[in-house]
Amino acid sequence: MAQKSPSFVTFPAVILWLMYLIPILGVTGFIIYFGVNVPFYDQWVLPALFEKIATGTLQFKDLFELHNNHRILFPRLIFIALGFISSWNIKLELFLSLGLAILTFILLYKISANTSKNQNYFFHFTNLLTALIFFSLAQSENWLWGFQIAIFFINFCVIFSCFILNNNKIKPKRKLLFAAILCLIASFSSAQGLMSWLALIPGIIMISESGYQRRKYLIFWMTLFLSSSLIYSIGYTQEPKIINLSLLEKLFTFIQFFFNVIAAPVTNSQNFSIWIGIIIILNFIVLGSYCLINLKNKKYLIKLCSPWFSIGIFSILCSIVITLGRYDYGANYAIYTSRYTTHSLLLIIAVIQLWFIIISEGNFYLKNYYPKLIYSFIGGILVCLIAVKSEIAIAQAQTDVINKQRGETCLELINYLEDSQFFKTHPERCLLRLSKTTWWIQDGVKQLQGINLRNWANNITFKTESEQLYGYIDFPLFGDQPLKLKPKDDLTLKGWAIFPQQQNQPQLVFLSRGNQQTFFANANIGLNSPDIAQVLSSPLYNYARWEVTIPTVQLYNDLGNTRVKAWVYNPDGNEFIPLKGEVNIILEKN
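Residues in the sequence shown are numbered from 1 upward in steps of one, following the numbering used here.
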């Protein structure tokens, strides 16, 4: 490692480290505020694993089997451990992801320190920029979805491997062994992990200056890669793609999707994303070419840059793997979803760090300040782009957290939900945010309750009336006259619901029939209601209205009269509270 120069601009240490903490604290607050302790989508595969652990029937094949073309053996072990430690508290998974990210950034910082001549203000500017990108809210879905632990875990393994390979205090064979163990773990955490073997080749080459030793290490390394790939492929079946495009259209979509993945950490623009992606890739190629051209005269340069080349190559390979698996969703899908940014942002970080090394290298930096000014200007642009992406992520999270909280409430009350057609197929069913298939949730609930890992409400009081006003069914209004409906008709119900003088307002209304203490449907509260807020003199009630349309055929258990009632759930009192009014219905034949 190059010697540190004694002449550099100093910062008060407290201020400097507080600046590094800002992005971390930002993500922490984001998780605390928007994280919801409710499983959704792929997480519903885990109750079956928990049940097998509890009953002693878990086999290795249960850990090794494919999940959406991925071997997630090590993440499954993590999920099992966290699940039984916390009674499957999803927020613990979110904070583990954050913890892995913090450890990974520390490793990135140490790699940067090892490859830097001077830890001056330019060094800290580079690493503060790295921190802003690395902890960017552009990857908001991954911050808020516990199932994405695998993504952060793989990044940690790869960057830890780069740190080990770049550490001169570790003997070559131990470097190789430790890096191989980490790559093996990454390989069986997700398909992207297999790319770690190829990405780390620059670091393997740098282990020894002896040509013979290099060849020996490379043969050993590639043998491990091929062996891992062979084991990974056992029983592997590719999911069929349904994409009605010509070969040329597929190629164009593939290319555009790839560059969109690369650009996704810094932009949501359909018009500019592909060009930003191309610029990032070209920068990486130019930097690599510069190092190769100067290989004979400046061998130390390739040594300094090798970990960043590995990190950049890993990011590119992951983006290719993601593109192969998802380009059939459409090219713009890559910039609309934030799930793929956690790997692709590593390329931007690698480019930033490589430019820092090149600009700081030798006397080039001391004689000419223009490169530093250009670098700082581009860094400022990146900060602005990250700020815009973060603003978009927060706006999306504000919308999404309401749906998740509705799903959380719905799941809490699942023992009171009927096995109705509404909860299976209706587009406004409250379980939809948790999974598109209701039976998956129902099976998971049975498995979790069967092993007492997680339980849901069973003894909730149904109040017959309330002293305070909690809301009304105000449409349809027929007085004492029943509403006559035929199977082909739709039933539209409207109303409003509140918690009087409470900061937290209800988000769901549940509908029951007759005197049943179960619910056949729900309605989402949140429609604009300035009239309610004005009459009750509180801005808390600005979004208290609800509306739902239900096909009448879903009410046809028995022909004849039925009454539809509306309820809100008060978790503080562990009670269902009725809204005023009920709808009397006569179900007629065609």
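Idealized CB from N, CA, C, for every residue including glycine.
Whole-angstrom distance between S376 and L194, CA atom to CA atom | 35 Å
Between I31 and W143, is the Cβ-Cβ spacing less than 8 Å?
-> yes
Starting from I577 and walking both ways along the beta strand (DSSP E), at which residues does that stretch end?
-> 575-578
Whole angstroms is fine: what's the gap from A393's alpha carbon to S273's?
-> 17 Å
Between the Cα of K446 and those of L411, R433, D62, spot the shortest distance and give me the residue it belongs to.
-> L411
Who pairs with H70 in a beta bridge, going by DSSP?
-> H67
According to DSSP, residues forming a beta bridge with W567 = F510, P578
Tell me whether P47 is buried or exposed, calling it buried when 16 or more other Cβ atoms sit within 10 Å of its Cβ.
-> buried
Would you be able to state if there are at least three C-beta pairs under 8 Å between the segment 430-444 and the segment 25-44?
-> yes
Would you kindly work out how many angstroms separate the C-alpha atoms of F178 and P307, rounded to a whole number?
-> 15 Å
Around the C-beta of C430, are 16 or more other C-beta atoms found within 10 angstroms, so that it is buried, or is it exposed?
-> buried
Comparing alpha-carbon positions, which option in A544, F510, A264 lies nearest N504?
-> A544
Would you list the one or two residues that DSSP bridges to A521?
-> L511
What does DSSP give as the partner residues of W546 in its beta bridges?
-> G495, I525
Own chain partners of D490 with C-beta closer than 8 Å, once the 5 adjacent residues on each side are dropped = T549, I550, P551, T552
For V9, does the three-state DSSP call read helix, strand or coil?
-> Residue confidence for V9 is low, a pLDDT of 44 falling below 50, so the modelled location carries little weight and cannot support an answer.
As assigned by DSSP and simplified to three states, the class of K303 | helix
Nearest to R591 by CA position, among S97, A533, I205, is which residue?
-> For residue 591 there is no data in the structure shown, the boundaries of the chain being 1 and 590.
Length of the line joining the Cα atoms of Y556 and L587 | 7 Å
Taking all protein chains shown into account, do 16 or more other C-beta atoms lie within 10 angstroms of the C-beta of A2, making it buried, or fewer, making it exposed?
-> Confidence in A2 is poor, its pLDDT being 44 and thus under 50, which makes the residue's placement unreliable; the coordinate value appears in the next sentence. Flag for A2 reads exposed.
Is V509 near W456, with beta carbons less than 8 Å apart?
-> no
Just how far apart, CA to CA, sit S116 and I302?
-> 13 Å
Using the rule of at least 16 other Cβ atoms within 10 Å of the residue's Cβ for burial, across every protein chain shown, is Y369 buried or exposed?
-> exposed
Give, in chain order, every unbroken run of the alpha helix (DSSP H) that is at least 4 residues long and sits entirely within the segment 388-430.
-> 421-425
Quick one: any contact between the segment 219-236 and the segment 101-110, if contact means 3 or more CB pairs under 8 Å?
-> no
Reference N268, options V388, I357, F220, closest by Cα | V388
Can L483 and V583 be called in contact, C-beta distance under 8 Å?
-> yes
Taking the C-alpha atoms as reference points, what is the distance between S189 and F156?
-> 12 Å
Taking buried to mean at least 16 other C-beta atoms within 10 Å of its own C-beta, is K4 buried or exposed?
-> The pLDDT assigned to K4 is 43, lower than 50, so where the model puts this residue is not dependable; a value taken from the coordinates is nonetheless given after this. Looking at its Cβ environment, which holds fewer than 16 other Cβ atoms inside 10 Å, K4 is exposed.
Mapping DSSP to helix, strand and coil, what is I358?
-> helix
Which of helix, strand or coil does DSSP assign to D531?
-> helix
With 16 other CB atoms within 10 Å as the buried threshold, where does G312 fall?
-> buried
Determine the direct distance from the alpha carbon of T425 to that of I181, and round the result to whole angstroms.
-> 46 Å
L287 vs W221 beta-carbon contact at 8 Å = no
From what residue to what residue does the alpha helix (DSSP H) around V158 run?
-> 149-165
Start-to-end residues for the beta strand (DSSP E) that takes in L587 | 583-587
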